[in-house]
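**Q**
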Amino acid sequence: MAQWITTENIPAEAWRRVLEYANLDFAISAISVLHGSAVNKNLKQNYKKQAEQIRVAILQSKEYFDAVSTSSLFTSPNHLYYGMVSLASAIMLLIGNGDKALDLLRKVPSNRHHGLNFSTNVSNASCYDGLRILDDSYVEVLRKGFFANWYDILPSKHDIYAIVETRKGNITSIRRCSEGYERLLTSDQIVGKKYSLIRLFARLPDVYDNLVRYGYPVSASRSNFEMFFNKSNNTTTYKWRIHGAPNPTALEAILEKFKSDLSSIPYWNCSNYDNQTWCIVEFTFKDPHVKFEWPSMRENINNDQILYESYLDTHEIVDAYMAAYTLSMLSRYYPDYWIRCLESHCMAAKAIEHFVFVMTKKFPVLALKLLTADDFVISTHKPPWHYG
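Counting in our numbering, the final residue of the sequence shown is number 400, and the numbers go up one at a time with none missing.
(1) Taking all protein chains shown into account, decide if residue 218 is buried (16 or more other Cβ within 10 angstroms of its Cβ) or exposed.
(2) Check the DSSP bridge columns for residue 153 and list the partner residues they point to.
(3) Is residue 134 helix, strand or coil by DSSP?
(4) So what does residue 297 bridge to, in DSSP terms?
(5) Opposite residue 241 in the DSSP bridges: which residues?
(6) Quick one: measure Cβ to Cβ for residue 170 and residue 327, integer angstroms, because I've assumed they're closer than 8 Å.
(7) Ignoring anything shorter than 4 residues or poking outside the segment 43-106, list the alpha helix (DSSP H) runs there in chain order.
(8) Judging by CA-CA distance, which residue of 87, 103, 302, 380 is the nearest neighbour of residue 4?
(9) Quick one: measure Cβ to Cβ for residue 173 and residue 190, integer angstroms, because I've assumed they're closer than 8 Å.
(10) Threshold first: 4 residues or longer. Then list the alpha helix (DSSP H) segments lying entirely within the segment 179-237, N to C.
(11) On the three-state DSSP scale, how would you describe residue 420?
(12) How big is the Cα-Cα spacing for residue 256 and residue 62?
(13) Between the segment 38-52 and the segment 76-86, do three or more beta carbon pairs fall short of 8 Å?
(14) Going by alpha carbons, who is nearest to residue 409 out of 162, 153, 264?
(15) Quick one: grab the DSSP three-state call for residue 324.
(16) Alpha carbon to alpha carbon, how far is residue 107 from residue 308?
(17) Taking 7 Å as the limit between beta carbons, can you name the residues of its chain near residue 23, skipping five residues before and five after?
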């Protein structure tokens, strides 16, 4: 069963656990779990060096994140981005092998680069026009540099979790389990990919709904993914309660992503309530080998699951990282356009404000999930099985 941590302050709890890796003994133990026990003196020294580098990366990251809350939007994206870089370094140092040590990487000049390329078509006239500054600013992935080194050690798939209820006679158990996954772009496949800032925002489950309210179409919806095992009759039911699609067209686009190898078409119940923006998708079968697909799914900071019509081929933490880099470049190298945008209170400025606010809280949670390599939830409410 997944670890479910209930707290009134999600980011504070995340940082408390991230900062555990600033303890050398704790970090060395985590390295040993991932890479095997240190069996000789040289390996022990290498583990200690990795732990020391993890420590300084985390301590520096915490200070960057603290600086976000004490500065205005004029400069806070810079603190946020460099805080992300430091946390990404800690992840790379823990998960990667000795080749990812900072002292080794910086010996190669190409590694002393962000590994991303920024470009923009923004102008003095367009920088405060609706969402234009987001639509006209881009990030491209390069083959060499820090981003490539970090991306190379990230998991190749993203697990999808469901609340699973198992019934056998009068006994019922409820737990959170991984019940599927999405394959993500490899290191070679992501090289040369170019993303607009607005596209990255649209892929983030805590940000997309603001874009919808501001007039940018994103086919996504809140959802609850549940599974039911009935051992009495050996049936399995998959159920998605979709609620909150922006319009009927978006709902239909999401529903088209449900595909099955069953001879008959999948069955779902769709209500006409609220202009057909919510429904229930339900599969029930006895054959354990039936294969089917469902839309991409991510979770926001409140643990609401979000279904997307578009396929998400990178980790959420990667999209957030690239978005922060793009904002940082805008604020540093286009300060005239940047501040004009923010002072205008245009829709882009509001979307940027929300992104910085959310990611200051959520990025440490995303980083912690990679550091621990186990599923856990940090939430302000009790787990579903608490009320069972």
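Positions of the beta carbon are idealized from the N, C-alpha and C atoms, including for glycine. Computed from a predicted model, the values in this text were never measured in an experiment.
**A** In this structure, then:
(1) Here residue 218 is taken as the residue at index 206 of the sequence shown, counted from 1. Counting Cβ neighbours within 10 Å, residue 218 comes out buried, since at least 16 surround it.
(2) Locating residue 153 in the sequence shown gives position 141, where the first residue counts as 1. Beta-bridge pairing links residue 153 to 128.
(3) Looking up residue 134 in the sequence shown gives position 122. DSSP places residue 134 in coil when its eight states are reduced to three.
(4) Position 285 of the sequence shown, counting from 1, holds the residue named residue 297. Paired residue(s): 248.
(5) Here residue 241 corresponds to residue number 229 of the sequence shown, with the count starting at 1. In the DSSP output, where bridge partners are listed per residue, residue 241 has 178, 248.
(6) If you number the sequence shown from 1, residue 170 lands on position 158. If you number the sequence shown from 1, residue 327 lands on position 315. About 6 Å separates the two Cβ atoms, so the contact holds.
(7) 53-81
(8) The chain is shown only over 13 to 400; residue 4 falls outside these bounds and no answer can be derived.
(9) To locate residue 173, count along the sequence shown from 1; it is residue 161. To locate residue 190, count along the sequence shown from 1; it is residue 178. Indeed, because the Cβ distance is near 6 Å, the residues count as touching under 8 Å.
(10) 199-202, 209-214, 220-225
(11) Residue 420 cannot be examined here, being either before or after the span of the chain that is shown, 13 to 400.
(12) Your numbering for residue 256 matches position 244 in the sequence shown. Your numbering for residue 62 matches position 50 in the sequence shown. Approximately 45 Å, taken between the alpha carbons.
(13) no
(14) Residue 409 lies beyond the range of the chain shown here (13 to 400); nothing can be said about it.
(15) Residue numbering aside, residue 324 sits at position 312 when the sequence shown is read from its first letter. Here residue 324 sits in coil by DSSP.
(16) The residue labelled residue 107 in the question sits at position 95 within the sequence shown. The residue labelled residue 308 in the question sits at position 296 within the sequence shown. The straight-line gap from Cα to Cα measures roughly 25 Å.
(17) Mapped onto the sequence shown, residue 23 falls at position 11. Taken in chain order, the residues that qualify are 373, 376.
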